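Only one structure is covered here, and it is reproduced in the block below.
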Amino acid sequence: MHESPRLDATLAALVDPTRRAILARLAKGETTINELAAPFPISQPAISRHIRVLEQAGLIQRRVDGTRRPCRLTPGALDELDSYLAMLRKGMERSYERLDQLLARMPPGKDKP
Amino acid sequence: MSKLTLQREGDTGVVITRRFAAPPADVFRAHTEPALLQQWCLGPDGWTMPACICDARPGGKIRYEWRNASGAGFHLTGEFIEVLAPHRIVHVERMHLPDPTPDNRVETTFTADGSGTLMVMRMALPDHATREAMLATGMADGMEVGYARLDRCWSK
Chain A
0 MHESPRLDAT
10 LAALVDPTRR
20 AILARLAKGE
30 TTINELAAPF
40 PISQPAISRH
50 IRVLEQAGLI
60 QRRVDGTRRP
70 CRLTPGALDE
80 LDSYLAMLRK
90 GMERSYERLD
100 QLLARMPPGK
110 DKP
Chain B
0 MSKLTLQREG
10 DTGVVITRRF
20 AAPPADVFRA
30 HTEPALLQQW
40 CLGPDGWTMP
50 ACICDARPGG
60 KIRYEWRNAS
70 GAGFHLTGEF
80 IEVLAPHRIV
90 HVERMHLPDP
100 TPDNRVETTF
110 TADGSGTLMV
120 MRMALPDHAT
130 REAMLATGMA
140 DGMEVGYARL
150 DRCWSK
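Quick look at the structure:
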């Protein structure tokens, strides 16, 4: 297995529910910070801090469009996470395979507590 | 046995199902007795659960600690809300990364299915946006939400 600082940054960024909600909004398309902040009961500076964390993790990008600075998801930014999660999915299935084997070894159970 | 399935339910839910070739009583025990959990609830090969608290009664505590050979680890805590052996468990859980993730409310049922058991886990995420974000990033895979916290030290 390899060291993966980018994955560390991705997971650290995703651990916050507001940041996940921001990503969910951006998954629908590019938008401005004002529009992003609207649905959240927190201040725009707080949203801007979340945006900065996501930007530093490489998950989103901002561009200049006249006076606007719209945000968008970085294409491919979640690829590494996807492959990590595929590995985790195998981990969950591995747990259940172990449980299958454990159940096969258990003496016959009664369906009463 | 069957592969697990995973789908959205309502605005904030995720449902996971899987079948087991044992009656509900055995599957229930495997999900509530520490000595059994420590044998299977380990995720990928190479991990162990050196500490397991599973006080399966309403209000009872849950604490699972996982470690790998190189010393990396993480833990999960939770509390039981309802425990109706051998058919139904409701609990809340959160992973520690070390910061706790939002509480995930999980309802697990074990229903007789021929000579085996159908397990259905319903997970209630805090809100629609969180659920969608998790699905969008592949993170809503129920228990994998847990495993996703597994470790930033996976590779260290």
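Sequence order for the protein chains is A and B. Residue numbers for the first sequence follow numbering that gives the first Met the number 0, beginning at 0 and rising by one. Residue numbers for the second sequence follow numbering that gives the first Met the number 0, beginning at 0 and rising by one. C-beta atoms are modelled at their ideal positions from N, C-alpha and C, and glycine is treated no differently. Here the structure is a predicted model, which means the values were calculated and not measured.
Environment of residue i [buried if 16+ CB atoms lie within 10 Å]
| i | result |
| --- | --- |
| G141 (chain B) | Here G141 (chain B) scores only 34 on pLDDT, less than 50, and its place in the model should not be relied on; the value that follows carries that caveat. Buried. |
| M114 (chain B) | Contrary to the premise, residue 114 (chain B) reads as Ser rather than Met in this sequence. With fewer than 16 other Cβ atoms within 10 Å, it is exposed. |
| P23 (chain B) | buried |
| L83 (chain B) | exposed |
| R56 (chain B) | exposed |
| V144 (chain B) | Caution is warranted here: a pLDDT of 32 is assigned to V144 (chain B), below 50, making its placement in the model unreliable, and the coordinate value is therefore given only provisionally. Under this definition V144 (chain B) is a buried residue. |
| F19 (chain B) | buried |
| E67 (chain B) | As written in the sequence, residue 67 (chain B) is Asn, which differs from the Glu given in the question. Counting Cβ neighbours within 10 Å, N67 (chain B) comes out buried, since at least 16 surround it. |
| A103 (chain A) | exposed |
| A34 (chain B) | exposed |
| D44 (chain B) | exposed |
| I41 (chain A) | exposed |
| D10 (chain B) | exposed |
| R17 (chain B) | buried |
| A56 (chain A) | buried |
| G75 (chain A) | exposed |
| R51 (chain A) | exposed |
| R19 (chain A) | buried |
Nearest candidate by alpha-carbon position, reference residue i, set the options
| i | options | result |
| --- | --- | --- |
| L53 (chain A) | A:M105, A:T9, A:P74 | A:T9 |
| E106 (chain B) | B:H86, B:D112, B:H95 | B:H86 |
| I61 (chain B) | B:D126, B:E78, B:P49 | B:E78 |
| E81 (chain B) | B:T116, B:T47, B:T31, B:D25 | B:T31 |
| V119 (chain B) | B:P125, B:D126, B:H127, B:I88 | B:I88 |
| G113 (chain A) | B:W46, B:G12, B:A50, B:P99 | Past the edges of chain A, shown from 0 to 112, lies residue 113 (chain A), and the structure says nothing about it. |
| A71 (chain B) | B:D54, B:T100, B:M48 | B:M48 |
| D126 (chain B) | A:T30, A:A11, A:T31, A:P38 | A:P38 |
Residue i versus residue j - alpha carbon distance
| i | j | result |
| --- | --- | --- |
| R61 (chain A) | L13 (chain A) | 18 Å |
| Q100 (chain A) | L77 (chain A) | 35 Å |
| E64 (chain B) | I52 (chain B) | 9 Å |
| N103 (chain B) | T17 (chain A) | 16 Å |
| Q37 (chain B) | V63 (chain A) | 53 Å |
| A123 (chain B) | I15 (chain B) | 12 Å |
| E92 (chain A) | L3 (chain B) | 7 Å |
| F27 (chain B) | S94 (chain A) | 15 Å |
| I46 (chain A) | Q6 (chain B) | 30 Å |
| T76 (chain B) | E92 (chain B) | 6 Å |
| L25 (chain A) | E8 (chain B) | 22 Å |
| H95 (chain B) | A111 (chain B) | 34 Å |
| T108 (chain B) | T66 (chain A) | 54 Å |
| E34 (chain A) | G59 (chain B) | 43 Å |
| K27 (chain A) | Q43 (chain A) | 20 Å |
| R97 (chain A) | A29 (chain B) | 11 Å |
| C7 (chain A) | A23 (chain A) | Note that residue 7 (chain A) is Asp in the sequence shown here, rather than Cys. Cα to Cα, D7 (chain A) sits roughly 20 Å from A23 (chain A). |
| D15 (chain A) | I21 (chain A) | 10 Å |
| V13 (chain B) | M105 (chain A) | 30 Å |
| A116 (chain B) | A21 (chain B) | A quick correction: the sequence has Thr, not Ala, at residue 116 (chain B). Their backbone Cα atoms lie some 6 Å apart in a straight line. |
| H90 (chain B) | H49 (chain A) | 30 Å |
| G42 (chain B) | L58 (chain A) | 27 Å |
| P99 (chain B) | R121 (chain B) | 21 Å |
For residue i, the first and last residue of its enclosing alpha helix (DSSP H)
| i | result |
| --- | --- |
| E34 (chain A) | 32-36 |
| H74 (chain B) | No alpha helix (DSSP H) holds H74 (chain B); the beta strand (DSSP E) holding it covers 72-83. |
| L118 (chain A) | Residue 118 (chain A) lies beyond the range of chain A shown here (0 to 112); nothing can be said about it. |
| F39 (chain A) | Unbroken run through F39 (chain A): none, as it is neither H nor E. |
| A23 (chain A) | 16-26 |
| A24 (chain B) | 23-31 |
Beta-bridge pairing of residue i - partner residues as DSSP gives them
| i | result |
| --- | --- |
| A50 (chain B) | B:E64 |
| C40 (chain B) | Its beta-bridge partners do not exist; DSSP assigns none. |
| L5 (chain B) | B:I15 |
| L75 (chain A) | The sequence given here places Gly at residue 75 (chain A); Leu does not occur at that position. None, per the DSSP bridge assignment. |
| R104 (chain A) | BP columns for R104 (chain A) are empty, so no partner. |
| R51 (chain A) | DSSP, once it has assigned bridges, lists no residue as partnering R51 (chain A). |
| R67 (chain A) | A:D64 |
| P99 (chain B) | B:H95 |
Where the beta strand (DSSP E) containing residue i begins and where it ends
| i | result |
| --- | --- |
| V105 (chain B) | 103-112 |
| T16 (chain B) | 12-19 |
| R87 (chain B) | 87-95 |
| L117 (chain B) | 115-123 |
Minimum Cβ-Cβ distance from residue i to chain C less than 8 Å
| i | result |
| --- | --- |
| T76 (chain B) | No chain C is part of this structure, whose protein chains are labelled A and B. |
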